[in-house]
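Working notes, structure below.
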Amino acid sequence: MGGGDADAGGEPAAAQATLHIRCTNGSKFAVRADLGATVGTFKAIVADSCDVPAPQQRLIYKGRILKDEQTLASYGVETDHTIHMVRGAAPPPASTAPAANQEPTTAAPASSPAAGLGGLLQNLGATGAAANSGGLGLFGSGLPELDHMQQQLAENPNLMREIMNMPLMQNLMNSPELIRSIIMNNPQMRELIDRNPDLAHVLNDPSIMRQTFEAVRNPELMREMMRNTDRAMSNIESSPEGFNMLRRMYETVQEPFLNATTMGSEGDRNSNPFAALLGNQGSNQARDSAANGTTTASDTTSGAPAPNTNPLPNPWGPNAGSAQGAARSPPATNTRSTTAGGPGGLGSADFGSTLGASGGGSDATFLTQVLQNPTMMQMMQNIMSNPQSMNQLLNMNPNVRNMMESNTQMREMIQNPEFIRQLTSPETLQQLISFQQSLMSQLGQQQTGQERTQSASGAGNVNLNTLMNMFSGLGAGGGLGVPNAPNVPPEELYATQLAQLQEMGFFDTQENIRALAATAGNVHAAVERLLGNMGQ
Amino acid sequence: MATTTTQASLLLQKQLRDLAKHPVDGFSAGLVDDSNVFEWQVTIIGPPDTLYDGGYFNAIMSFPQNYPNSPPSVRFTSEMWHPNVYPDGRVCISILHPPGEDPNGYELASERWTPVHTVESIVLSIISMLSSPNDESPANIEAAKEWREQREDFKKKVRRIVRKSQEMF
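Protein chains in written order, with UniProt numbering: chain W, 1 to 536; chain Z, 1 to 169.
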């Protein structure tokens, strides 16, 4: 770098400043100049260091363009500062200036389209939310009764699932004797069953009970069954004399049934250990068929341990269910649930559902009264405190023994004194009481539905619960007024049942008679039998 | 308030010294008046390989008292023809907009002003704006329309302002 010879004045060499020049092509060099010199003079000095002539030089310092007539000091130029130099337009044509390096930028204007996409996505989200709210409104306005029922089930979903999924409850479902003995403790229920033999047939069918508990456990299945029942009831009502038949069934069967369910039991009968046995024997004497004989033998076998076994399984329900965890439902049960899609299957399942709910209510009431009895409570505590006595008692019941053998964990659980103490704690009783209240609220809802129907006085617009109750009485009503003489031919004995099967769509009279004879007049069992044959 | 003023003043003076000693290609920045540190004068050299190549455009940067919490405003004092520069010379780019959500919905919140920006990053963004106009949210509708539909007319106008800026010397 030169420039020293440009100094023509008498200035001392130490007063000159070193300035840095930065060109547009990125090159950088330093020159020494007097700060008092004019910009024009300075450009001549710079021209000696690069190939740009002085007239084409454009000097920029601190955002200002340096004028030729000004001095460097007037612009505030100091030593070691940098001045930008760019090549300007020249009067004669010049060669193309070399391209400068473009510094990378931190901001990208092209990202504005991304902002637009963000807005579009927000709009899509809003549209989705609107669609969801619309759907919910449609569902709510369309089925108010179903929504209310669903809310009740949703209030205690875990409690209901735990109770239904525990092994003891599963074993109870497969044991019709226990269920019937519990229901027989209610005097009004016993009277009602005596007047309607078909109700006894429903209790004798384990598959109907299993379908009922499956529906109670699964809210989706319950909702679908209710929807199909509603459709079937509409079809029945639209046929000639259909509405009169529904009203007759309600007055004869459904109303006494609900009264029997909600009426409280007498305390002294519940505390009597032999009441169940007497009830069973009295009920069985009314039947004279071979099936009833077998039932009598089963009752006699399970009658002996009944006074001590009946109260025991239920207090363990919630904790045992939670301990066992996953549900155990056999595939056959699921298949039967699928079959319930048909009108006939729906009838039997829904009838069992109503009866199951009522039975549950009776069970809770009965259990509460038993636990409040000091003598029964003392006896239970004595049994629980002695593991050997507990084990011996459980082995006397064949069903309980089978369950104990198949599940070692269950046996160890029952023989653990601490676990037994936990079961008898107030928390467990509170859970049972809340479960009972949930069932009672459902029954109350049914009663409200009944009152609404009465106030309608013949109007066709009845609510869903009333329709379900009426349809559940369809099968039981068929047994009314039918004499039980053995000499009557099958056509006359099952005339009412045959008419019902015809209405359901089973037109083969001979096949219907065979099915009814095999099931002793149970319309629901006959329908399942007919559907099974068609399946083959 | 005094602390904020002192902080902003010190920050701007520091950035001024840094730019004087370590200049960045493409622009030169300094104070308009040595007694006011909140008014800067910037000379932007037209970026190479763009329509503005060869031009020298002067701009004034006005910094707020609460800088760097709020962005400065940039206004071209030279004649400028660009979709994102208002007819009165004000620059409209995303990083010069106040923080928060954009009421118009064109920009993301992350694109707007943040305190980490410096004079250097601001001017580099303006240089980038000269290279890549954004016609989706134009500040000068006429320029945006010309740039989109009549590119030749736009080029002629830009060449005219480039020559005019060169004659300033």
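Glycine included, C-beta positions come from ideal geometry on N, C-alpha and C.
Per-residue burial, residue i [other beta carbons within 10 Å of its own, 16 or more giving buried]
i                      : result
Z:K21                  : exposed
W:M504                 : buried
Z:G55                  : buried
W:Q57                  : buried
Z:Q150                 : exposed
residue 187 of chain Z : In the structure as shown, chain Z starts at 1 and stops at 169, and residue 187 of chain Z therefore has no counterpart that could be examined.
Z:M129                 : buried
W:R195                 : exposed
Z:R148                 : exposed
W:K43                  : buried
W:R64                  : buried
W:D34                  : buried
W:G88                  : buried
W:N228                 : buried
Z:S94                  : buried
Z:S110                 : exposed
W:Q500                 : buried
Z:S132                 : exposed
W:K62                  : buried
Z:A59                  : buried
W:S239                 : exposed
Cβ neighbours of residue i in the same chain (closer than 6 Å, five flanking residues each side left out)
i      : result
W:H84  : R22, I60
Z:A144 : P83, D135, P138
W:L530 : F506, A515
Z:E167 : none
Z:P99  : R112, W113
Z:P68  : P115
Z:E120 : V24
W:I513 : P490
Close beta carbons around residue i, own chain, < 8 Å, minus the five adjacent residues each side
i     : result
Z:D33 : E39
Z:L31 : L16, V37, E39, W40, Q41
W:A47 : P53, A54, Q57
W:E78 : A17, L35
Simplified DSSP assignment, three categories, for residue i
i                      : result
Z:V37                  : strand
Z:Q150                 : coil
W:V31                  : strand
Z:N58                  : strand
W:L19                  : strand
Z:H117                 : coil
W:I83                  : strand
W:T519                 : coil
W:Y75                  : helix
W:G118                 : Low local confidence applies: a pLDDT of 38 at W:G118 is under 50, so the model's placement there is unreliable, with the coordinate-based value given in what follows. Helix, per DSSP.
W:Y61                  : strand
Z:V85                  : strand
residue 185 of chain Z : Because chain Z is modelled from 1 through 169, residue 185 of chain Z falls outside the range shown and cannot be assessed.
W:R231                 : helix
Z:T50                  : coil
Z:S28                  : strand
W:T24                  : coil
residue 172 of chain Z : As shown, chain Z starts at 1 and ends at 169. That puts residue 172 of chain Z outside it, with no answer to give.
Z:I126                 : helix
W:V52                  : coil
Z:I141                 : helix
Z:M168                 : coil
Z:I45                  : strand
Sequence-distant residues of its chain with Cβ nearer than 7 Å to residue i (five each side left out)
i      : result
Z:P64  : S70, P72
Z:S165 : G55, Y56, F57, S78
Z:G89  : R75, F76, T77, M80
Z:V123 : F27, A29, V42, I44
W:T509 : L498
Tell me, please, whether the stretch 11 to 31 of chain Z touches the stretch 42 to 58 of chain Z by the rule of three or more beta-carbon pairs shorter than 8 Å. yes
Count the CB pairs spanning the stretch 517 to 536 of chain W and the stretch 7 to 21 of chain Z that are closer than 8 Å, and state whether there are at least three. no
Looking at C-beta atoms only, is the number of pairs between the stretch 34 to 50 of chain W and the stretch 63 to 72 of chain W that lie closer than 8 Å three or more? yes
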